[in-house]
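S.K.: When the count follows the UniProt record's numbering, it moves up by one through the sequence shown with no breaks and lands on 175 for the last residue. Each residue gets a CB set at the ideal place from its N, CA and C atoms; glycine is no exception. Remember, it's a predicted structure, so these values are computed and weren't measured experimentally. Sharing a structure below in structure tokens format, with a few things to ask.
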Amino acid sequence: MADSLPLQIAETLQTAHINPSPSAAHDTNPSTAASQKLPVHLSTTTTTSDPETDLSDLSDEDDEDDYPRSSSRKIKPISRHHHQLPPLPDLRFEQSYLASIKNADTWWKVALITARDQMMMPLVQGVAYNLAICGWQHWNRNARLSGQSLGARVRRWWWGVNNWPVPGERGYRRR
């Protein structure tokens, strides 16, 4: 009985904290900065304080001629983009999962969505990626030395300089 006491305590604590009726509208995390699209406005106002006293303890007497004095001490970034970039998407697992199951009204729809998103899509993506890589390797194996590109010509020249047998030519023997 002494061995199962810590297990029973942990089990009791875990089951006491389970929410019996979770809600996607209530249990989602709060919105982030990416949830709202707000344009950025740079402030070009000048400071009212004296520039001589703002950084007097940081500047040396020798450095005064190196930097021009201005009425504003703010750094103004150079704008390289004339359009605004969209906000970063919220890629947290919990947010996307709760958003995908919010319209599911039965437990089997939740199970189906979970199986689709967490098992089938990674499987399909992995198989497609693997087939693409295998196809590229198969296609590239023959194009490596028999092609007419600059890289294939350089490779054939290098193999000839080193007296290596070029694959596909007479006398080539695979080891």
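#1: Taking 8 Å as the cut-off, does the region 96-103 touch the region 15-35 (at least 3 CB pairs, one atom from each stretch)?
#2: Tell me the residue span of the alpha helix (DSSP H) that contains residue 151.
#3: Indicate whether residue 176 and residue 32 have their beta-carbon atoms separated by less than 8 Å.
#4: Please state the DSSP three-state secondary structure of residue 115.
#5: With C-beta atoms as the reference, is residue 16 less than 8 Å away from residue 102?
#6: Please work out which residues of its chain come closer than 7 Å, Cβ to Cβ, to residue 104, disregarding the five sequence neighbours upstream and downstream, and give them in chain order.
#7: Are the beta-carbon atoms of residue 39 and residue 84 separated by less than 8 Å?
#8: Would you mind stating whether residue 166 and residue 156 have Cβ atoms separated by less than 8 Å?
#9: In this structure, how does DSSP classify residue 41 when only helix, strand and coil are distinguished?
M.R.: Per the coordinate set shown:
#1: yes
#2: 150-161
#3: Lying before the first or after the last residue shown, residue 176 is absent from the chain, which here runs from 1 to 175.
#4: helix
#5: no
#6: 110, 113
#7: yes
#8: yes
#9: coil
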